[in-house]
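Student: Here it is, the structure, as structure tokens.
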Amino acid sequence: MRILRLCTAGSVDDGKSTLIGRLLYETGSLPSDVIATVRRQSEKLGRHDLDLSLFTDGLRAEREQGITIDVAYRTFSTPRRRFLIADCPGHEQYTRNMVTGASGAELALLVVDVRHGLTTQTRRHAFLATLLGVPHLLVAVNKMDTVEYSQEAFEQLRQDFQDFASRLEARGLTFVPVSALHGDNLTQKSSRMPWYTGDHLLGLLETAYPGGTRNVVDFRFPVQTVLRDLRGERLYAGQVVSGRVKVGEALAVLPSGVKTTLKSIETYQSSQTRAEAGDSVALRLADQVDAGRGDMLVRVNNLPLASDTVDAYLVWLGETALKTSTRYALLHTTRQLSATIKKLRYRVDIDTMHREPAQRLVKNEIGRATLKLSGTLFFDSYRTNRFTGSFLLVDPVTHETVAAGLLRDRARAVEEHVTKARQGVVLWLTGLSGSGKTTLAHEIKRQAGREDVLILDGDQLRQGLCSDLGFSDEDRRENNRRAAHLAALAAEQGLLVIAALISPFAADRAFARSLVPAGRFLEVYLDCSLELCRSRDPKGLYRQVEAGEIPQFTGIDSVYEPPANPEIVLDTAAESPEVSARRVLNLGG
Amino acid sequence: MPKFPQELEDEAIAVVREVAGQFSSPAVLFSGGKDSIALAWIVRKAFWPAPFPFPLVHIDTGHNFPETLEFRDHFGRELDAKLVVGSVQASIDSGRVSEETGPLASRNGLQTVTLLDTIAQHRFDACLGGARRDEEKARAKERFFSHRNSLGAWDPKNQRPELWGLVNAGKAPGEHFRVFPLSNFTELDVWLYLQREELALPSLYFSHQREVVEVNSTLLAASPYLKAGAAPQRKRVRFRTIGDMTCTGAVESEAHDLVEVIAELRAGAFSERSARFDDQRSEQAMEERKRVGYF
Ligand SMILES: Nc1nc2c(ncn2[C@@H]2O[C@H](COP(=O)(O)OP(=O)(O)O)[C@@H](O)[C@H]2O)c(=O)[nH]1
């Protein structure tokens, strides 16, 4: 299993150091001499137990020694998984630190003191984590011992947090009540909170679904450096930052647009037929194209966006404020351009998340801006691809990194994706049998006006690919799993996929979503009452159910879990398929 | 048995290729120790089938284990790498530094000056090192790309945020970078990696008979350079790090090969710095030495 990269944040004294210290200690990740040193230090402080916070050294010591308050990286592992923590100090410079830590994280662990409730500080951390695209927030509600392990106190905080989080784009949100000091629910279930039915913190970390920040579909390969073999033939060295590729595929070199074929994928003294996100490899192309550092190799049928004017969130990191007159160096993948900030559109108040008009942006502030570049940038939105959707701005004189940028999709409508850009999209239509999925799928295809559309119809799948499956929960899951992989594969090749499946379980739909880059999976919920579906009964299935011929029918004697956060809800009783299809195609991307 | 996580090698290779992409005169700091062997090997792999692209720089204190020097020359030839040796003895002879005195005298601290002189002389603008974040608390905050001012010093307040693997390599003339591709490796990872790659190591890393002297509860190799300590004793020992003979501690061990070393390591024991006498001199030792330009 891959290393789970997480970031941690908490307000001062909420117990973050104690909590991390205990995780390191109880997972046996600390060498014995380090433990001995901390034991001595604890005694010096007059404590007879181990002060666990000393393992990560909290801020106190750092302040005393005048060491920088900065993100610290620590590894620990259990037999099930390995973790890399980016530990972000909570207060001073929290924006800079939190943004740095969250930029590489798949999960954010937020430590809060149950007695303080939902504080401004915690709201900031949650907001920054979601802005940086961290898909899971795990909230450790700490110091439960101080409230006598009260369920009420925990539920209150959870409720407040959930209300607040509904305004964020947090996909996964989990809460666990703990006492870092006494070890409750950290690495073992606590008997003092029998009302809590979930897993302990370490268990939640071990089983957290990875990925979510990984784009496994869009092949992007920024060239880092060019190698030459003994015959002088060129190899392009770099890391696959997203997607995957196979030998023999048709590739385009950007910016030139020259097309070629992938001849081989090489690593030290060997070659392989495929490579995927994360792999550092060297690519040999069939033609001697003239490419170099800063160029990007992509699949011909899956091109990024291209523009010399971009829209982005800027997190200001520099000591000097944003200046519209300065020409900054812009670092994007392995390429460097220069950029001026044409317009600062607004600043985001991190505490209230409100937009406010702004003339300037100073250190630790976040704003949205339009940038004019010295050339065409080839990018994806940050939401779909962290690596091609991000950049740094550098002061040309001091060389200071002054801003981190998150590229936006320029508010393109999905319609543009669907009809123009050759990028794969999955429209996942879910709803009861008879809610109108098949009709809608064909109407969307008609209106999209493109040929490369794949409709995955539930009934058709069941007749062929999934004819070995029945309707138990397990079989439904398997049915969904096959459809999800098929959809992702087709989207990867640039197709518009319309999946029309009942897909009754939320977890199965979440799985399908996880296989496709964010922003390119659109869950479309056809909300239709059982009564109406039954009265429509286009395939006569409900009649058969009533006649006892079909058991385990969704809506009748098998559950349907309606989506909590679909991209769009359609009321097919109230509107025609033509209108519904148009609404789907107009979804903002 | 844990496996070496492949993503760490991918990450390290990406870092060294970034060095090739953004710097004009990089070098690999090579001590002959296991971390720098792993690092040099990663550089080899990152640029294959092209030749080894950077010189290996060794700072020779003059008090090195002969095994280290022998290994260095052999490994350098195998990689077909150019070797640059900076000599502390030469720095002493030319009066750039003066030898420490007293029973605990070590040349470890003097290396810094020789290193910075060597960097300046060859105009290296990026020096790759094998340091890891798990070595020390102070290292946990270290960057992959660590900026050094024109005096070679590390200013903790002036380090650049690293996001999404983007590297801001901008610098003024005379400044340089230290680059640590193995940042996210642990000590165990290095051993597992050396094992997976079937790399040879200096014999010092495996159990052998040696005359050792106990100094402040650390076992140091008996040598003409060591002034302090009680009478030498013969023990079966191995070294967990390799540096200057006067400050590299040995541990008693029966581990004869990588499998046995890894087994010992997993059985718990000690962080490797504890065997480095030099670090015990001050709790803040590392932070201080980094400020003045140590490895
Ligand atoms: N009662 C109680 N105290 C805790 C708990 N966790 C941490 N503390 C105490 O809270 C204080 C701050 O903890 P520390 O880990 O240094 O907080 P940090 O600033 O978030 O890193 C210390 O005195 C801890 O002993 C807990 O679960 N219960």
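Just so you know, the protein sequences line up as chains A and B, in that order. Just so we're aligned, residue 125 is where the first sequence starts under the numbering used here, counting upward by one. Just so we're aligned, residue 601 is where the second sequence starts under the numbering used here, counting upward by one. Glycine residues also receive a C-beta, built at the ideal position from the N, C-alpha and C atoms.
(1) In three-state DSSP terms, what is GLY643 of chain A?
(2) In whole angstroms, what is the alpha-carbon distance linking ARG358 of chain A and ARG637 of chain A?
(3) May I ask you to verify whether the segment 639-653 of chain B touches the segment 736-753 of chain B, counting CB pairs closer than 8 Å and requiring at least 3?
(4) Run through DSSP, which three-state label would GLU814 of chain B get?
(5) So, is the C-beta of VAL518 of chain A closer than 8 Å to a C-beta in chain B?
(6) With LYS634 of chain B as the anchor, note down where its alpha helix (DSSP H) starts and where it stops.
(7) Could you give the DSSP three-state label for LYS466 of chain A: helix, strand or coil?
(8) Give me, in chain order, the residues of the same chain whose beta-carbon lies closer than 6 Å to that of GLU647 of chain A; leave out the 5 immediate sequence neighbours on both sides.
(9) Based on the DSSP output, what are the partners of TRP440 of chain A in its beta bridges?
(10) Assuming PHE635 of chain A contacts ARG605 of chain A under a Cβ cut-off of 8 Å, what Cβ separation, rounded to an integer in Å, is found between them?
(11) For the candidate residues A:SER596, A:LEU325, A:LEU427, A:LEU589, whose alpha-carbon lies nearest to that of ALA608 of chain A?
(12) Under 7 Å Cβ-Cβ, which residues of chain C neighbour ALA638 of chain B?
(13) Check the Cβ of GLN571 of chain A against every Cβ in chain B and list those closer than 7 Å, keeping chain order.
(14) Closer than 6 Å between the C-beta and any heavy atom of ligand 1: which residues qualify, listed along the chain?
(15) Cβ-heavy atom distance between GLU400 of chain A and ligand 3 below 7 Å?
(16) Using a Cβ-Cβ cut-off of 8 Å, state whether ASP414 of chain A counts as contacting chain B.
(17) Tell me, to the nearest whole angstrom, how far the beta carbon of VAL688 of chain B is from that of THR661 of chain B; I am working on the premise that it is less than 8 Å.
(18) Quick one: using the 10 Å Cβ neighbour count with 16 as the cut-off for buried, is PRO626 of chain B buried or exposed?
(19) Could you tell me the alpha carbon to alpha carbon distance between LEU826 of chain B and ALA612 of chain B, rounded to whole angstroms?
(20) To which residues does DSSP link GLU852 of chain B through a beta bridge?
(21) Are the Cβ atoms of THR219 of chain A and ASN426 of chain A separated by less than 8 Å?
(22) Please state whether DSSP places LEU183 of chain A in a helix, a strand or coil.
(23) Between LEU233 of chain A and ALA196 of chain A, is the Cβ-Cβ spacing less than 8 Å?
(24) Going by DSSP, what residue range makes up the alpha helix (DSSP H) through TRP791 of chain B?
(25) Using a Cβ-Cβ cutoff of 8 Å, what residues of the segment 738-765 of chain B are near chain A? List them in chain order.
(26) Could you pull the start and end residues of the beta strand (DSSP E) that GLU390 of chain A belongs to?
(27) Would HIS523 of chain A count as contacting chain B if we go by Cβ distances under 8 Å?
(28) Going by beta carbon distance, what residues of the same chain come within less than 6 Å of ARG707 of chain A, once the five residues before and after it are set aside?
(29) Flag ASP432 of chain A as yes if its beta-carbon sits less than 8 Å from any beta-carbon of chain B, otherwise no.
(30) Do you know how far the Cα of ILE490 of chain A is from the Cα of THR668 of chain B?
(31) Provide the residue span of the alpha helix (DSSP H) that contains GLY588 of chain A, from first to last.
(32) Kindly identify the DSSP beta-bridge partner or partners of ILE622 of chain A.
(33) Could you check the C-alpha separation between PHE299 of chain A and THR199 of chain A for me, to the nearest Å?
(34) My guess is that VAL640 of chain A and VAL577 of chain A are in contact by the Cβ rule of under 8 Å, so how many angstroms apart are they, rounded?
(35) Closest to VAL434 of chain A by CA distance: which of A:ASP533, A:ARG471, A:PRO428, A:ARG146 is it?
(36) Give the straight-line distance between the Cα atoms of GLN547 of chain A and THR457 of chain A, rounded to the nearest whole angstrom.
Tutor: With the structure as the only source:
(1) Walking along the first sequence from the start, residue 643 of chain A turns up at place 519. Of the three classes helix, strand and coil, the one that applies to GLY643 of chain A here is coil, per DSSP.
(2) By 1-based counting over the first sequence, the position of residue 358 of chain A is 234. By 1-based counting over the first sequence, the position of residue 637 of chain A is 513. Rounded to whole angstroms, ARG358 of chain A to ARG637 of chain A spans 38 Å at the Cα level.
(3) no
(4) As a working note, residue 814 of chain B is residue 214 in the second sequence. Three-state DSSP puts GLU814 of chain B in a strand.
(5) Stepping through the first sequence from its first residue, residue 518 of chain A is reached at position 394. So, interface residue.
(6) Taking the first residue of the second sequence as 1, we reach residue 634 of chain B at position 34. Taken as a continuous stretch (DSSP letters only), the alpha helix (DSSP H) holding LYS634 of chain B covers 634-647.
(7) As a first step, residue 466 of chain A must be located in the first sequence, where it is residue number 342. DSSP places LYS466 of chain A in strand when its eight states are reduced to three.
(8) On the first sequence, position 523 is the one that residue 647 of chain A refers to. TRP552, PRO687, PRO690, GLU691.
(9) For the purposes of this step, residue 440 of chain A is identified with residue 316 of the first sequence, where counting begins at 1. DSSP lists A:ALA527 as partners of TRP440 of chain A.
(10) The residue you call residue 635 of chain A lines up with position 511 of the first sequence. The residue you call residue 605 of chain A lines up with position 481 of the first sequence. PHE635 of chain A to ARG605 of chain A, Cβ: 7 Å. Contact.
(11) Counting from 1 along the first sequence, the entry for residue 608 of chain A is found at position 484. For the residues A:SER596, A:LEU325, A:LEU427, A:LEU589, the minimum Cα distance to ALA608 of chain A belongs to A:LEU589.
(12) Absent from the structure is chain C; the protein chains it does hold are A and B.
(13) Stepping through the first sequence from its first residue, residue 571 of chain A is reached at position 447. Those do not exist, as GLN571 of chain A stays about 37 Å from chain B at its closest Cβ, beyond 7 Å.
(14) A:GLY134, A:VAL136, A:ASP137, A:ASP138, A:GLY139, A:LYS140, A:SER141, A:THR142, A:SER177, A:GLY182, A:ASN266, A:LYS267, A:ASP269, A:THR270, A:SER303, A:ALA304, A:LEU305
(15) With respect to ligand 3, the structure offers nothing, as its ligand set consists of ligand 1.
(16) Along the first sequence, one-based indexing puts residue 414 of chain A at 290. Chain B contact via Cβ: absent.
(17) Mapped onto the second sequence, residue 688 of chain B falls at position 88. Mapped onto the second sequence, residue 661 of chain B falls at position 61. With a Cβ gap of about 5 Å, VAL688 of chain B and THR661 of chain B count as contacting.
(18) One-based indexing of the second sequence puts residue 626 of chain B at position 26. Answer is buried; the Cβ neighbour count reaches 16.
(19) Residue 826 of chain B sits at position 226 when you count from the first residue of the second sequence. Residue 612 of chain B sits at position 12 when you count from the first residue of the second sequence. For LEU826 of chain B and ALA612 of chain B, the distance between alpha carbons rounds to 37 Å.
(20) Walking along the second sequence from the start, residue 852 of chain B turns up at place 252. Bridge partners of GLU852 of chain B: B:VAL837.
(21) Your numbering for residue 219 of chain A matches position 95 in the first sequence. Your numbering for residue 426 of chain A matches position 302 in the first sequence. Cβ distance not < 8 Å, so THR219 of chain A and ASN426 of chain A don't count as in contact.
(22) The residue labelled residue 183 of chain A in the question sits at position 59 within the first sequence. In this prediction, LEU183 of chain A has a pLDDT of 48, which is less than 50 and means its spatial position is unreliable; what the coordinates show is noted afterwards. Looking at LEU183 of chain A - three-state DSSP - the assignment turns out to be helix.
(23) Residue numbering aside, residue 233 of chain A sits at position 109 when the first sequence is read from its first letter. Residue numbering aside, residue 196 of chain A sits at position 72 when the first sequence is read from its first letter. No, they are not a contact pair.
(24) Against the second sequence, residue 791 of chain B aligns to sequence position 191. Run containing TRP791 of chain B: 787-796, per the alpha helix (DSSP H) assignment.
(25) ALA738, ALA740, LYS741, PRO756, LYS757, GLN759, ARG760, PRO761, GLU762, LEU763, TRP764, GLY765
(26) Position 266 of the first sequence holds residue 390 of chain A. GLU390 of chain A -> beta strand (DSSP E) spans 383-391.
(27) Along the first sequence, one-based indexing puts residue 523 of chain A at 399. So yes, HIS523 of chain A belongs to the interface.
(28) Looking up residue 707 of chain A in the first sequence gives position 583. If we look at ARG707 of chain A and ignore the five residues flanking it on each side, it has no Cβ neighbours.
(29) On the first sequence, residue 432 of chain A is found 308 positions in, with the first residue counted as 1. No, ASP432 of chain A lies away from the interface with chain B (no Cβ there is under 8 Å from its Cβ).
(30) Counting from 1 along the second sequence, the entry for residue 668 of chain B is found at position 68. Counting from 1 along the first sequence, the entry for residue 490 of chain A is found at position 366. Between THR668 of chain B and ILE490 of chain A, the C-alpha separation is close to 52 Å.
(31) Position 464 of the first sequence, counting from 1, holds the residue named residue 588 of chain A. That residue, GLY588 of chain A, is in no alpha helix (DSSP H); it is neither H nor E in DSSP.
(32) For the purposes of this step, residue 622 of chain A is taken as residue 498 along the first sequence, with counting starting at 1. Looking at the DSSP assignment, ILE622 of chain A forms a beta bridge with A:LEU551, A:ILE579.
(33) As a working note, residue 299 of chain A is residue 175 in the first sequence. As a working note, residue 199 of chain A is residue 75 in the first sequence. So the alpha carbons of these two residues sit roughly 23 Å apart.
(34) For this step, residue 640 of chain A is matched to residue 516 along the first sequence. For this step, residue 577 of chain A is matched to residue 453 along the first sequence. Actually they do not touch by this definition, with Cβ atoms about 16 Å apart.
(35) Here residue 434 of chain A refers to the residue found at position 310 when the first sequence is read from its first residue. Answer by Cα proximity: A:ASP533.
(36) As a first step, residue 547 of chain A must be located in the first sequence, where it is residue number 423. As a first step, residue 457 of chain A must be located in the first sequence, where it is residue number 333. Answer to the nearest angstrom: the Cα atoms are 20 Å apart.
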